[in-house]
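Chain order of the listed sequences is W and L.
Sequential numbering of the first sequence, starting at 1, is according to the working numbering.
Sequential numbering of the second sequence, starting at 1, is according to the working numbering.
I have placed the structure first, in the form of structure tokens, so that the comments after it can refer back to it.
2 protein chains.
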Amino acid sequence: MGDASVIIYVVPAVAVAALVYAMVRAAWVKRQDAGNERMQMIGSWVADGAMAFLSREYRTLAIFVVAVAVLLGFSNAQVGGETNAFIALSFVLGAFCSSLAGFFGMKTATLANVRTAAAARTGLNTALQVAFAGGSVMGLSVVGLALLGLGGLLLAYTQMYPDSLVNETAMMLVLNILSGFSLGASSIALFARVGGGIFTKAADVGADLVGKVEAGIPEDHPLNPATIADNVGDNVGDVAGMGADLFESYVGAIIASMILGVAWFTGLDSGGAGNGMNAVFLPLVVAVIGAVASIIGFFFVQTEEGGDPQHGLNKGMFVSGGIMMAGAIAAIYYFIPQEVVVKDILSGEVATYGWIGVSLAVVSGLVAGIVVGMITEWYTACERKPVESIIQASRTGHATTIIQGVAVGMNSTTLPVLVIGAAILSSYYCAGFYGIAMAALGMLSTLGIQLATDAYGPIADNAGGIAEMSQLGREVRARTDKLDAVGNTTAAIGKGFAIGSAALTALSLTAAFLTKMGGKVDIDAADPVVLVGLLIGCMLPFRFSAMAMVAVGNAAQDMIQEVRRQFREIPELRPALDAAKRAESEERDPNPEEAALIAAADGKAEYAHCVEIATTAAIKQMVAPGLMAVLVPIIVGVVSVHMLGGLLVGVTISGVCLAIFQANSGGAWDNAKKQTKDEGHGKWGDEYEEMHKATVTGDTVGDPFKDTSGPSINILIKLISVVAMIIAPVLYAIHFGDEADAGGSTGEASIQPPAASATAE
Amino acid sequence: MGDASVIIYVVPAVAVAALVYAMVRAAWVKRQDAGNERMQMIGSWVADGAMAFLSREYRTLAIFVVAVAVLLGFSNAQVGGETNAFIALSFVLGAFCSSLAGFFGMKTATLANVRTAAAARTGLNTALQVAFAGGSVMGLSVVGLALLGLGGLLLAYTQMYPDSLVNETAMMLVLNILSGFSLGASSIALFARVGGGIFTKAADVGADLVGKVEAGIPEDHPLNPATIADNVGDNVGDVAGMGADLFESYVGAIIASMILGVAWFTGLDSGGAGNGMNAVFLPLVVAVIGAVASIIGFFFVQTEEGGDPQHGLNKGMFVSGGIMMAGAIAAIYYFIPQEVVVKDILSGEVATYGWIGVSLAVVSGLVAGIVVGMITEWYTACERKPVESIIQASRTGHATTIIQGVAVGMNSTTLPVLVIGAAILSSYYCAGFYGIAMAALGMLSTLGIQLATDAYGPIADNAGGIAEMSQLGREVRARTDKLDAVGNTTAAIGKGFAIGSAALTALSLTAAFLTKMGGKVDIDAADPVVLVGLLIGCMLPFRFSAMAMVAVGNAAQDMIQEVRRQFREIPELRPALDAAKRAESEERDPNPEEAALIAAADGKAEYAHCVEIATTAAIKQMVAPGLMAVLVPIIVGVVSVHMLGGLLVGVTISGVCLAIFQANSGGAWDNAKKQTKDEGHGKWGDEYEEMHKATVTGDTVGDPFKDTSGPSINILIKLISVVAMIIAPVLYAIHFGDEADAGGSTGEASIQPPAASATAE
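Have a look at this one:
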């Protein structure tokens, strides 16, 4: 058996390599043709808007980060000695790395979108290459910065505590301090997702409602003042938001599996392997293999003119997945012996696992992620039964469209829940709680290429918008539409991965929380205190969704009023709008007279003002839901740790269902609108007009579902678990401080009679 | 201390008295003036349609009841000896009593609606009296038949097992057999709620969409062929459905608290009270006191011309509540000593409770029910912030109306969950799991008057419809509208009670299930098998809601096509519709020329055909969701009892949240539409037309939320727990049959290490 501790030095090296390669790719993107002057101007508006939002957001978050860091450092120093205050350093670095990854990724995405539009003038593959390169910078930045931060801190802390490489208690202390990195990442993720989600949907709803529905002009039309804000939104919501989301999942899965790996120490140490820490370092090994596999996969993303870009993306994904799988199994075989006797940290039971079990756990996670993704796709793709059912329902109006879409989303919870349940049971059976965490990591280890594919979507979408605004003609728009359509499918699959990994990560973090509480927290659902915790936890995602939706609604109202004001007050816009509407309703390009009216209004719309309004609204509205997510676990934990345990489980199970429901309802409405539009009058005749209106309503309702509240729930459930895990030593001191041993250690598991705790509260 | 066992003889006597009084009230209603010939004709159409639906539904359910009875009798005879087969008798009687209560209640409701309309021609109080008398027959029938069935069976079974009055094991056997009554009631309730809910909303959506939105004629207009079906729907959905729902909650709460009361036997027997069974019989005592209190309350329901009928209803409710409370506390003081040492059946812990604790538990249930009701009212009432926010959102169209309504509903989950959580903790703290069950009973004991108030709503609504169809003039309609508006508020409060009591009853039933499993089922959420059960349970209400919505959608499509067909094919309808629309849009009565066109079409619409279509669709569509609710706990239970334990908790916590969300979103949309319409052009000017359309869309989406899927979830969570409780002995035999003692007994609580079970599966 090998000694996995060498990975401590490999991680930073691979991280730096990934970041260097990200820079190479970014430089390549920058060198591409940025199109004509008009395109460059539009591109720079979008880029400036996105950067303005990001810097406003980061400045607001800086206050939060400093405040939390001080609290964290102080409270941990009180409870666990001065060195514990390093948790504050980890936290700040986690927040910083996540922010930096978002910044790099978005910077490149906003360079890539205009260049993709320019490349689409010449061919499909070149456009794909530019868009995908843009996305891959995001993927590489996230993976690189996550590994650099984690790896660097781990290197430093293991130097500080040399004991930690051979002693489980010292390692637990190191991981405890290290887990601040995860909290930093989660905090940024929540605010980035919520803030970005509010921005993008406020702009989208505003642009669609006043532009498409009221004024009757096409999407992304330059006469619409909210168009630039809409494109900025795609970047800040889908690129930066998704990046921060998966950054935290990735980091959370790694840290949770390292913590749960400590339980294997004794078994590995005594079982002849000789390297007690191998299970702790294995997650890093798998992460490194996944990062390398992702980079290799990049080279397989190709397509040809007239081909289907989806095949190119699929090939890259499958190559990466295959390499990761083979590499991971080899590494597990090398580092984990055939039989390890592990004492379950929570139940105190003894079980025998081995390299086969750990490998199967990793594989089961990857398979579950793919299957959930495929299910998601089925429920949301055009020309499948669920979307067709919404289109049918649209024939009887707005209300039936909404009801059917809600039903599709709720229906779609069943299969993913069963698949995730199967993954939980099989990975637990194979390798205990460590197995569940490794399954989450199995889903996330090829994050580099997954995220590249995810971020590719909004870049292609933006390229289409820029092509439309720059009036590049219908064949260019057709190419970008083709790229964008693929993006929607991969986005659906990406969402499946995000939800599946969030569930497993949250459960792993919950197990880590219980572990850090030294087995003193029993979460028997027959204990009314735990039950009430479950009930409150179950309710939180509803409350959180509502807050996010109201926030979008408030921000969208500001936007709608602003667009209407501009339509009313800018004299050139009204006649131009009427001309554009006439051309659109007759499905033709504007005639010379109309074109002249439209040209006269060109550039009159005050785009920057709309971006400004969306920014202000998003920053203001993200505070309440963000604070709720951070404060609730702290308050409940102080009241009762048993209730907090129940709350963690409740928020996870209900969050998974609600996130799937919202994501899939939104996705299905979106594609129902697209398919109806494609089929048009040809298929639906006179009915088309009303159907189109109804499906646009569905899409507009679905927007905050799928892009704000739904994906934010993924982060909510992880953040709440991370907060619980981080404050575990403090809670231990509060609730069990007067008992014998010190907190935060992997103490003996002592199962308490369930009801005793109820009356003890 | 008294001996509560005498209640066995009192219960049937009080039940018979309640039923006799119900007949007296029904006869009084029947004697009232039924109005002119046209009104009588319309009234008889509605009554015939409702009866036709009910008899079709009952005939379909008869097959299900016979099949389940055979299975139940056979499997229980196999497992627990031949006498256990009596559970099938209990089941059949439970189904029969519930059906009969629905039949009586609806028969009277359909008599009362037309007589309420007739009475509204002379005055407000007379109309209120007739409507309330109609509702009170429903309340009395439900309470009377529930107590008669339960009491009669208990009398018979205690005669069969005379030991049961002094021996806890024998009593447990009796209660086990008796609990079939609860399953029968639950099964009928689910199908009645789902089937009735589908009928009412299919008719409502069909009538509204084609009538109000497409043709532009007022609600309940005689030209609309779906109008009669819509009125029939109010009866079968709101009267019979709500009655069956609360019948099962009432029965479930009584039986669960009796089972959980067995645990008190030893403590009462040895503690000097001398009557070990007092805790078992106390629930019946409280139920009898509540029934008497309800009847007394009836006499306080009065109003005067120009007064607010709400005050009359409130007075009745408060008088009943006060009497019940005083009586219950007196009874508890009489039957339960100051200190009882009780060994918790699940945890094995010993705790000391007493009459004060039990009294407080009952009070906490009642208070929680009222508070949840008040919160529900706040979120759904006109001129409150949530409804106002939806009206504001309607200014920007359909989509924002929907988003805001969803947000209101999701937001509204927070406070009720906290109140229910507080009720759980306080009642558990006061009297253990028995306390939780007694809290549920505290909410439900004055069911007689609550249900009378609930059933009053649809009667008043129907009276309005009949007044409209009979063209009784605007002042009569104004009176029925006033009665109806009150009905909406009380319906909101009734829904709060229904949800709160469902949650507590389901938890009590879950505790009863665990008790019947002899403490062998541990539901530690840190056990992955339990966790997966929780996750699946959490998902079920989503799936179930989707099935119910799709069912409504399918049925509504049939209805819409039929109404459109009639508008197209019946030659007199089109010109009459146009005339009615003109008059409506100018907000005046039709002029002579228009009136002539409308009169020419009178009676041409084929109402019966619409009723027929809604009936067929509802019966067909109720099967799938109904079977799912029955089969899932059985399948999961056979796979793993630990997973089933998790599932019971998961379905309860997620069901509560989803039910509150759906009920309150629906209620808020409904009132947003009403308020917008009342404020009209006067407040909103040109905006009104679009706002009205948007709020009608909201209301139409909310219809299945609040009247089909939402309330059905209440039954789902109880039914699944009842099924689990009923099959507990069979599951015990399957999973622990080869172990020492026989199943279904109150064995020693043995807490198992949580993870052991996971690997054992």
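We put the CB at the ideal spot given by N, CA and C, even for glycine.
- In the three-state scheme derived from DSSP, where H, G and I count as helix and E and B as strand, Lys-343(L) is classed as strand.
- In chain order, Ser-98, Gly-102, Ile-188, Ala-189 and Ala-192 place their CB closer than 6 Å to the CB of Ala-244(W), counting only its own chain and leaving out the 5 sequence neighbours on each side.
- Three or more beta-carbon pairs separated by less than 8 Å are not found between the stretch 674-688 of chain L and the stretch 378-393 of chain W, which leaves the two stretches without contact.
- Ile-289(W) is classed as buried because its beta carbon has at least 16 other beta carbons within 10 Å across all chains shown.
- A Cβ of chain W is located within less than 8 Å of the beta carbon of Pro-528(L).
- For Thr-352(L), the three-state secondary structure derived from DSSP is strand.
- At a C-beta separation below 7 Å, Phe-542(W) has these neighbours in chain L: Met-410, Thr-413, Cys-657 and Phe-661.
- Around the C-beta of Arg-59(W), fewer than 16 other C-beta atoms lie within 10 Å, and the residue is accordingly described as exposed.
- Residue pairing by DSSP puts Asp-524(W) in a beta bridge opposite Asp-524(L).
- Check the Cα spacing between Gly-306(L) and each of Ala-478(L), Ile-715(L) and Gly-500(L): the tightest is with Ala-478(L).
- Annotation: Cβ neighbours of His-398(W) in chain L (cutoff 7 Å, chain order): His-398 and Thr-697.
- Put simply, of Lys-516(W), Leu-647(W), Arg-384(W) and Ala-663(W) the residue whose alpha carbon is nearest the alpha carbon of Gly-496(W) is Ala-663(W).
- Think of a sphere of 7 Å around the beta carbon of Gly-357(W): no beta carbon from chain L falls inside it, the nearest being about 12 Å out.
- Assigned with DSSP and collapsed to three states, Asp-589(L) falls in coil, not helix or strand.
- A residue is called buried once 16 or more other Cβ atoms fall within 10 Å of its Cβ, and Ile-63(W), having fewer, is exposed.
- At a cut-off of 8 Å between beta-carbon atoms, Tyr-353(W) makes no contact with chain L.
- A buried status is given to Asn-275(W), since no fewer than 16 other beta-carbon atoms sit within 10 Å of its beta-carbon.
- Think of a sphere of 7 Å around the beta carbon of Val-532(L): the chain W residues whose beta carbon falls inside it are Gly-421, Ile-424 and Leu-425, in chain order.
- Only those residues of the stretch 598-613 of chain W whose C-beta falls short of 7 Å from the nearest C-beta of chain L would be listed, and there are none.
- Val-174(W) and Ile-459(W) have their C-alpha atoms spaced approximately 40 Å apart.
- Taking a Cβ-Cβ threshold of 7 Å, none of the residues of chain L is close to Ile-734(W); the smallest such distance is about 20 Å.
- Every unbroken stretch of the alpha helix (DSSP H) spanning 4 or more residues and falling wholly within the stretch 109-194 of chain W is given here in chain order: 124-160 and 168-178.
- Annotated three-state conformation of Met-23(L) is helix, per DSSP.
- Scanning chain W for C-beta atoms nearer than 7 Å to the C-beta of Pro-704(L) yields Ile-403, reported in chain order.
- Here Ile-217(L) has Gly-211, Leu-223, Asn-224, Leu-577, Ala-580, Lys-581 and Glu-584 as same chain residues with Cβ atoms under 7 Å from its own Cβ, once five neighbours each way along the sequence are excluded.
- Around the beta carbon of Asp-589(L), fewer than 16 other beta carbons lie within 10 angstroms, which makes this residue exposed.
- The beta carbon of Lys-693(W) sits closer than 8 Å to those of Val-213 and His-398, all from its chain and outside the five residues before and after it, given in chain order.
- At least one beta carbon of chain L lies nearer than 8 Å to the beta carbon of Val-649(W).
- Neighbours of Val-262(W) in chain L, taken as residues whose beta carbon is under 8 Å from its own, are absent, since the nearest beta carbon is some 17 Å off.
- Interface flag for Cys-538(W) against chain L is set, since a Cβ pair is found closer than 8 Å.
- Of the residues assessed, Phe-247(L) falls on the buried side of the cut-off, its CB having 16 or more other CB atoms within 10 angstroms.
- Short of 6 Å from the beta carbon of Thr-510(W), and not among the five residues preceding or following it, lie these beta carbons of its own chain, in chain order: Leu-648 and Ser-721.
- At least one C-beta of chain W is nearer than 8 Å to the C-beta of Asp-522(L).
- Gln-450(L) counts as buried, since no fewer than 16 other beta carbons sit within 10 angstroms of its beta carbon.
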